[in-house]
Amino acid sequence: MKHFAYILSLVIISSGLVFSQAQTRVDQCVSCHNDLETPEAKLFQHDIHRMKGLSCADCHGGNRYAEDMDQAMDKKAGYIGVPKGDQISSMCAKCHGDAEKMKQYHSSLPTNQFENLKESVHGRLDLTGNARIAQCSTCHNAHGIVSVKNPASPVYPLNIPATCAKCHANPTYMRTYDPSLPVDQLEKYRTSIHGIRNKKGDPKPAECASCHGSHDIKSVHDAKSSVYPLNIPATCAHCHSDAAYMKQYGIPTDQFEKYSLSVHGVALLKKHDISAPACNSCHGNHGAVPPGVESISKVCGTCHALNADLFSSSPHKKAFDERKLPECETCHSNHEILTPTEKMLGTTADAVCSRCHTEKENPKGFIAAQQMRTLMDSLIHEEAKAKMLVNEAEQRGMEVSDAEYKLRDAHQALLQSRTAVHAFNEEKFAETVKPGLATAALVEGEAKGAVEEYYFRRMGLGVATLIITILAVSLFLYIRRLEKNGKHKV
Amino acid sequence: MIASPEDTPKAPEPEKRDFLKLILGGGIIAWLASVLYPILSYLKPPVQSEVEVQSVKAGKISAFEKDSGTIVRFGNKPVILIRTANGNFRAFSAVCTHLACTVQYRKDMGVIWCACHNGKYDLNGRNISGPPPRPLDEYRVIVQGEEVVISKKS
Amino acid sequence: MKTSLKKIYTWINSRVELDDLVQFMGKKYVPINRHSVWYYFGGVSLFLFIIQVVTGILLLMYYKGSDSLAFESIQFIMSKVQFGWLIRSIHSWAANLFILAIFVHMFSVFFTKAYRAPREMTWLTGMVMLLLAFGFGFSGYLLPWNELAFFATRVGTDIAGILPVIGKPMLTFLRAGEDVTGATLSRFFGIHVAILPGIFIVFLSIHLLLVQRQGMSEPLDGHHDTERKVMPFFPNFLLRDLLLWLIVLNVLAILAVFFPWELGKKADAFASAPAGIKPEWYFLFMYQTLKYLPAHILSMDGEVLGVLLFGAAGALWTLVPFWDKKSSRGERNRFINYLGLFVVLFIIVLTIIGWLA
């Protein structure tokens, strides 16, 4: 046993000697290619991998110590030449996908990049069908790879837009994969606050990877994508809700919080209605800036078209522009837009009209607001009353499908009147409300009729019962008299 | 009622007898009326002459202009029957999928349009613009001779 | 008025000899005894049957027997047709009261041993009509094509299907196919409004003819020595009958107005069966018994055995006039009373359990 341990330790020591001997031997690839001054060799001098002790043969294979070129670049010695296609990424992943190996180099980098790339939109097969669309080297370069924190890196925040744009701003190239995908993202980005600051050398504002991710970039139609409509608010909030991160820019950081409470936020985040607007619907995505004061109604109007049209032709348009009041926002606020109710209309404490239209300073608008509210209140009241009567009749087992059918019209008038408010014209408003009131009255009449019919049935039964009782009693009396006159015996 | 031939009761007091018989006769007549009235009313054809819920007759082909839309009542819900510019018929639920307003055909835009919030659907019922979250449900249109019939799509 | 009536009478009389009939009717007497009250239930059953015929015909004017329209047409009858709600509710209520009335009628005949010679045929036709009434109930229940009826029919026909040999063909015959579908509805509709009424009328005619011909049966414990009390059938008994009918009609109207028969949800073959599917109350005792039977009894399927046992018991019950020789001889047969009591209790208890379950 002792002997065995002795022999083992000898072997280990001697092999260690051989290894340290090899280290001191000259790397023939480097020395030769340096002499040749190839661009690859030049770039490689600053490569982070060289700093970590890696050399040409670690990626290209071959015998680095052979002085003879044929020997050094012998395929039998594992020489592969320039890696092609997927070979590139696999080669990188040999170390970058192996946590143990990365630890040896004292690296704290993640090791899932290649896995992420495979799953990403760039991991699909390219035009040739032989390799993935993007390899590691597509973005990171091949021989001059430096840390992402190094401003010389193509994936340093300030350089990312240009790196991505290499392909994404090239219409002829992009057309071959997705003809409908825009190629003006960089152009738009440069007009955005993010892009402008990025250009000025601030690495903090969002660039492509901040929103789209890096290795794991997914199509916008992929529900897992960080830019899938449902995920956008959280993606933006990643920076915009981070008070410390945003501190130097002096803008609020409660937009996400407010948005989550808004009718839009509830629709998108709670009800998962992807047609509801996310941040980018109003601010733009690549060209993200807050909309200008006078263009708000246009932005909101992309969905709320009728309201926007009515507003634009209303007397408020000019008044708002003159006073530099943001259009829709003045009454509805911006991020925290709540479901509007009739309470917003009129001159009560909750109402928004009276903020400008005070009784003394602006009596005309004050009265109009009051009257519009009265009209709307009466329509709401009449509709609710008609509905209640219809329900009552229905609960009594009466058939009121006809009235229910008409009730739809009254409800429609109410919905339309909510839109019609935005014309800020009392007459036009009344035109929408009046037919609704008429229908509600009609339905009320029908429902009342149905309830009356219910009581009519009971009365009918009462009358019939009375008749039958009288008949039964008189029949009974008749029988008794009949039998008094002759008991029959046999 | 045939009187029994054997037991003709002797009349005790003519007054009382007449009164009782009067009530009895009147009662029978009133009873008959109270039974016959519901039956006769039942037999009177109702306004809507038949059950028509699975399908509904919209009218004659000639009643619908090309490039127009008509609201047809289908059970308890409105259906929009559209005759396209090339004369084909299509029918969709006329209940907007946004807030249940009744939609209409807009000749100028060539779409199905909801007046409440400017929702638009194409002539296949797909929501193409505005707030509607879902397409309109489609109904089947069958042309039987001259008659246009709308039925539920099963 | 009177003379013209008389003229019509003589005109008919000279052709069909009405006098004989009138004389026969006039001589008809109904015995009065402590069991006389039971005599009325035959009449009440008849009256309810007449109501069913009248309201059934009225419903036929608007009902449509197809799976796509049956439910809607009843909805239509209940809402759009004037008094349609009344006619339909009365038809549904009277159907149940009809079954109840013939049950009472049948048991009263059984306990008073009125089936004994010479009235065996009256009993037999009565039992056939009871069976037909079950058929009416079972087939009519499906016609509204609502959820409950749909699944109850599925279960009901399933039970018929487990019978050996004839089960499978019977199931296919009843359902007009493998499953309960629109074809079943058409079939049940035909059975309900044409086949059953046709057969029923034949048996009813024989039954009534026999009753008129043989008169009412008198209980065995009657004291033949003392003088019998009787009442003329015409008009005394008939008028009493009519009085009761009037009351029954009023009860029906009250039930129809205050407890309108519900329509429920339209049947959907693909929906899962709603909880608590139960047959109509008059099938409940059999249904509940089958539930209590163990899965296997003596290497036989428990349910099959149960159905066969019910069949055998029904047959024995029907044939009681032929094996109860004692009663026919005019002797007391206490066994019959105990048997009847057991059956009544069995039915009542299991119906209540089934109802509560």
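Chains as they are written, first to last, in our numbering: chain A, 38 to 527; chain B, 7 to 160; chain C, 36 to 392.
Think of the CB as a built atom: it goes at the ideal place given N, C-alpha and C, for glycine as much as any other residue.
Of all the CB atoms in chain C, is at least one closer than 8 Å to the CB of residue i?
i               : result
K159 of chain B : no
K50 of chain B  : yes
Y442 of chain A : no
T395 of chain A : no
S68 of chain B  : no
Q150 of chain B : no
G436 of chain A : According to the sequence displayed, residue 436 of chain A carries Glu and not Gly. Closer than 8 Å: yes.
F461 of chain A : no
E520 of chain A : yes
For residue i and chain A, any beta-carbon pair shorter than 8 Å?
i               : result
T76 of chain B  : no
R79 of chain B  : yes
A97 of chain B  : no
P141 of chain B : no
T103 of chain B : no
I282 of chain C : yes
I29 of chain B  : yes
L26 of chain B  : yes
Is residue i close to chain B, meaning its C-beta is less than 8 Å from at least one C-beta of that chain?
i               : result
Y116 of chain A : no
Y373 of chain C : no
M205 of chain C : no
L93 of chain C  : yes
R445 of chain A : yes
A342 of chain A : yes
M141 of chain C : no
M251 of chain C : no
Q432 of chain A : no
M321 of chain C : no
Determine which residues share a DSSP beta bridge with residue i and list them.
i               : result
S157 of chain B : B:S61 and B:R146
Q22 of chain A  : The displayed coordinates of chain A run from 38 to 527. Any statement about residue 22 of chain A would go beyond what the structure contains.
P84 of chain B  : B:R79
Y127 of chain B : B:I118 and B:N133
I332 of chain C : C:M335
R96 of chain B  : B:I88
V101 of chain B : B:T108
Between which two residues does the alpha helix (DSSP H) harbouring residue i extend?
i               : result
Y515 of chain A : E463 to K521
Q108 of chain A : M106 to A109
V88 of chain C  : Y74 to L95
Y64 of chain C  : Note, Y64 of chain C: premise wrong, no alpha helix (DSSP H); beta strand (DSSP E) at Y64 to I67.
A288 of chain C : L273 to F293
H323 of chain A : H323 of chain A -> no alpha helix (DSSP H), and no H or E assigned at all.
G389 of chain C : R369 to L391
E77 of chain A  : P76 to F81
W358 of chain C : V355 to W358
So for residue i, helix, strand or coil by DSSP?
i               : result
A168 of chain C : helix
R101 of chain A : coil
S350 of chain A : coil
L162 of chain A : strand
M141 of chain C : helix
R445 of chain A : helix
R169 of chain A : strand
S68 of chain B  : helix
From which residue to which residue does the beta strand (DSSP E) around residue i run?
i               : result
M211 of chain A : Here M211 of chain A belongs to no beta strand (DSSP E); instead the alpha helix (DSSP H) covers P208 to R212.
Y111 of chain B : V109 to R112
K264 of chain C : K264 to P267
Taking only beta carbons into account, state which residues of the segment 113–132 of chain C come closer than 8 Å to chain B, listed in chain order.
K115, V116, Q117, F118, G119, L121 and I122
Short-range partners of chain B found in the segment 466–492 of chain A, where Cβ spacing is below 8 Å
none
Taking only beta carbons into account, state which residues of the segment 264–277 of chain C come closer than 9 Å to chain A, listed in chain order.
K264, V265, M266, P267, P270, N271, L274, R275 and L277
Can you give me, in chain order, the residues of the segment 160–171 of chain C that have a beta carbon less than 8 Å from any beta carbon in chain B?
none
Could you run through the segment 110–137 of chain B and flag, in chain order, every residue whose CB is less than 7 Å away from some CB of chain A?
A121, C122, H123, N124, G136 and P137
Using a Cβ cut-off of 7 Å, which residues of the segment 33–44 of chain B contact any Cβ in chain A, in chain order?
G33, I34, A36, W37 and S40
Proximal residues, the segment 285–303 of chain C versus chain A, C-beta separation under 7 Å
N285, A288, I289, V292 and P295
Members of the segment 503–515 of chain A near chain C, C-beta cut-off 8 Å:
I505, T506, L508, A509, L512, F513 and Y515
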